[in-house]
Structures are given as C-alpha cells and as structure tokens.
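> Positions in the sequence shown are counted from 1; adding 47 to them yields this note's numbering.
Note that beta-carbon positions come from the ideal geometry of N, C-alpha and C, so glycine has one too.
If you scroll down you'll find the structure; I have some questions about it.
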Amino acid sequence: MPSTKAIELLYCCSDSQKDEELQQRLEKHLSLMKRQKVINTWHKGMTGAGEEWEKEITTRLNTADMILLLISSDLIYSDYHWEFLVQRAMKLHENRQARVIAILLCPYDNWKSEFGNIKILPHDNKPVSKWKNYDHAFESIARGIREEAKALTDPYFPLKKSFKIIGAGVKSLAQSILGNTSSTTYDLLSSRNGKQKFRRQGQVSLIPVIGIIFVLALFSQLRNLSTIHLSESKSRTNLKSKQTDISTGWIQLGVINKALQFFLWKT
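Written as structure tokens, this is what we have:
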C-alpha cells in the first residue's frame, strides 16, 4: 500500500445507543489523524439517504484496510453483527486482506477465545468502561491505531520499532554497568590496599566498558539498516548497492571484534 494513500478504516459497532456514543467519542480522538490524511473513517451512520445500507456496509467491509471491532455485550449478542460483520472481518484478517483490531468497550467473559490472535486496545486489555477517565482510554486507543497505521504504510516500521527498543535496553545496560564499574573502582581506590588491588583488577574492570563499546558499535551498524528505504521502482543495481553497504557494515564489526580480542589478549 503506498505511503501517500490514507488508510480506509471501518467501525463495526452495535446499534445500541451506549456503544454508538462511545464510537462517536473515539471518532473525535481520531480526528487529527483524519486531518493529517493518515486515515479515512466510515461507520453505518454515514450511509447516505436512499442507499441500501447493507450493500454499502458489505462494500466498505471488503475494501477496508483496517477494521475496528467495538466489542461489547450488545455486539456479540446481535446475530447480524456477529455472523456477518465480526466473522467476516476475522476472515479478512486471517487472509491478510485487512488489519482487524478489537476495541474493548466493556468487560466480557472469555473474549480471548475469539479475539486472542488480534491486537486488543486499550492498553493492557483494559476495557474503556473500566477507565476513570474515558479520554485516557481513547487516547490509548488512538495511539495504538496510529502505530498500526504506520505499520501498514511503512514496511520497515516493525524493524525501526525493534531497534528503538534495543537502543533503550542498551542505554539502560550501559548506564548500569558504568555505574557499577565506577562504584567498584572507587571502593578499590579508597581501600587500604587499593593501589595493589587496582593493579590486579584494573584490567578486569575494563572488560564491561569494552563490552559496551562493542554493543554500541553493533547497535550503530544495525540502526543504519533501519534507515534504508527501498521502493518497488528501484533497480536491482540499487538493491545490490544496499547489500554491499550492509556487508561492509558487518566487515567493520568484524574488524572491531578482532581489535577487541587483540586488546584483551595484550592486557
């Protein structure tokens, strides 16, 4: 799907007034994404006068990129919504023809048996009705939908997200190791025989630092891969050029690794 094309989003909501009011509040929280041309939304209430609403819903269902199932007791109770909308949407998701997301409006027993294999919002599978402030719940939902929209339009988004998580983990690990190393060095220097112990253990204390340097170098090289944007119109020559760049990065890592091994051997 081209990144310039707005995602067609379809609401599947019951006809109960309570559910429709929650759908309207969610629509307001998605309005910024609509203005930014990230998504186009449609629900049953948008059916034009004189149009056959069942036919229109069928068309929208078959052409939607993303389908939101607003899960409630009323939605599951309705034979029409369950048999036609929900089951059809799940089939489209299974066939990778649409991305289906379940929005938990209220608690419902054993809902995971039917929706356990799709993304659930709000965060932590906490139904909207359980939030003290509904706006916080819809903010969480909107954030999750924006993330899914990016995943649909940018094939490298999952990779970038993984690198971001790895980067945060590496940073935390580096700070922890450096903190422990500094504390150990201070204790050694302040002890009665600190100088003698420092001479014997100074080389050992460098190992975590060297490890950090290697991990950061690895992360730096991997992160470069996430910035590679390949379009379908690029030639094989460009693709080979990218592969050469990747190979060069791994060669550089090999050189760094050998240098570290030589340094440790010398020390």
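1) Out of H170, W178, K177, D201, point me to the one whose CA is closest to I188's CA.
2) Just to confirm the assignment, what range does the beta strand (DSSP E) spanning Y58 have?
3) Using the Cα positions of Q134 and M113, report the straight-line distance between them to the nearest angstrom.
4) In the DSSP assignment, the alpha helix (DSSP H) including N109 goes from what residue to what residue?
5) So, with DSSP's three-state summary, where would you put S280?
6) How is the beta strand (DSSP E) around M113 delimited, first residue to last?
7) Less than 7 Å between C-beta atoms, sequence neighbours within five positions excluded: which residues of the same chain meet that for E99?
8) Classify L168 as helix, strand or coil using the three-state DSSP reduction.
9) Identify the residues that DSSP records as bridge partners of T88: which are they?
10) Give me, in chain order, the residues of the same chain whose beta-carbon lies closer than 6 Å to that of E279; leave out the 5 immediate sequence neighbours on both sides.
11) Whole angstroms are fine: how far does the CA of Q83 sit from the CA of I150?
12) Tell me whether L151 sits in a helix, a strand or coil according to DSSP, three-state version.
13) Using the DSSP secondary-structure output, state which residues sit across from R146 in a beta bridge.
14) Check whether the Cβ of A184 lies closer than 8 Å to any Cβ atom in chain D.
15) Count the other C-beta atoms from every protein chain shown that fall within 10 angstroms of the C-beta of T88, then say buried if there are 16 or more, exposed otherwise.
16) Is Q290 helix, strand or coil by DSSP?
17) Are at least three pairs of beta-carbons, each pair with one atom in the stretch 165 to 180 and one in the stretch 53 to 64, less than 8 Å apart?
18) Look at D121 and D66 and say whether their C-beta atoms are less than 8 Å apart.
19) By Cβ distance below 6 Å, which residues in the same chain neighbour K52 in space, the five residues on each side in sequence not counted?
Here's the rundown:
1) By 1-based counting over the sequence shown, the position of residue 188 is 141. Closest option to I188, Cα to Cα, is H170.
2) As a working note, residue 58 is residue 11 in the sequence shown. Taken as a continuous stretch (DSSP letters only), the beta strand (DSSP E) holding Y58 covers 54 to 59.
3) The residue you call residue 134 lines up with position 87 of the sequence shown. The residue you call residue 113 lines up with position 66 of the sequence shown. Roughly 15 Å between the two C-alpha positions.
4) Within the sequence shown, the letter at position 62 stands for residue 109. 100 to 110 is the span of the alpha helix (DSSP H), which, as asked, contains N109.
5) For the purposes of this step, residue 280 is identified with residue 233 of the sequence shown, where counting begins at 1. Confidence in S280 is poor, its pLDDT being 39 and thus under 50, which makes the residue's placement unreliable; the coordinate value appears in the next sentence. Three-state result, S280: coil.
6) Counted from its first residue, the sequence shown places residue 113 at position 66. Taken as a continuous stretch (DSSP letters only), the beta strand (DSSP E) holding M113 covers 113 to 118.
7) Translated into positions along the sequence shown, residue 99 becomes position 52. Excluding sequence neighbours, E99 sits near nothing in its chain.
8) Numbered from 1 along the sequence shown, position 121 holds the residue referred to as residue 168. In this structure, L168 counts as strand in the three-state DSSP scheme.
9) By one-based count along the sequence shown, residue 88 stands at place 41. According to DSSP, which records beta bridges pairwise, T88 is partnered with L56.
10) The residue you call residue 279 lines up with position 232 of the sequence shown. Note that E279 scores 40 on pLDDT, short of 50, meaning its location in the model is unreliable and no value can be drawn from it.
11) For the purposes of this step, residue 150 is identified with residue 103 of the sequence shown, where counting begins at 1. For the purposes of this step, residue 83 is identified with residue 36 of the sequence shown, where counting begins at 1. Distance between the alpha carbons of I150 and Q83 is about 22 Å.
12) The sequence position of residue 151 within the sequence shown is 104, counting from 1. Reduced to three states, the DSSP call for L151 is strand.
13) Locating residue 146 in the sequence shown gives position 99, counting from the first residue. In the DSSP output, where bridge partners are listed per residue, R146 has M113.
14) Among the chains in the structure shown there is no chain D, since it carries only a single protein chain.
15) Against the sequence shown, residue 88 aligns to sequence position 41. By the neighbour-count rule (16 or more Cβ atoms within 10 Å), T88 is buried.
16) Here residue 290 refers to the residue found at position 243 when the sequence shown is read from its first residue. Residue placement at Q290 is flagged as unreliable, the pLDDT there being 42, under the threshold of 50; a coordinate-derived value is accordingly withheld.
17) no
18) Reading the sequence shown from its first residue, position 74 is the one you call residue 121. Reading the sequence shown from its first residue, position 19 is the one you call residue 66. In contact: D121 and D66 (Cβ atoms closer than 8 Å).
19) Taking the first residue of the sequence shown as 1, we reach residue 52 at position 5. Here the set comprises nothing.
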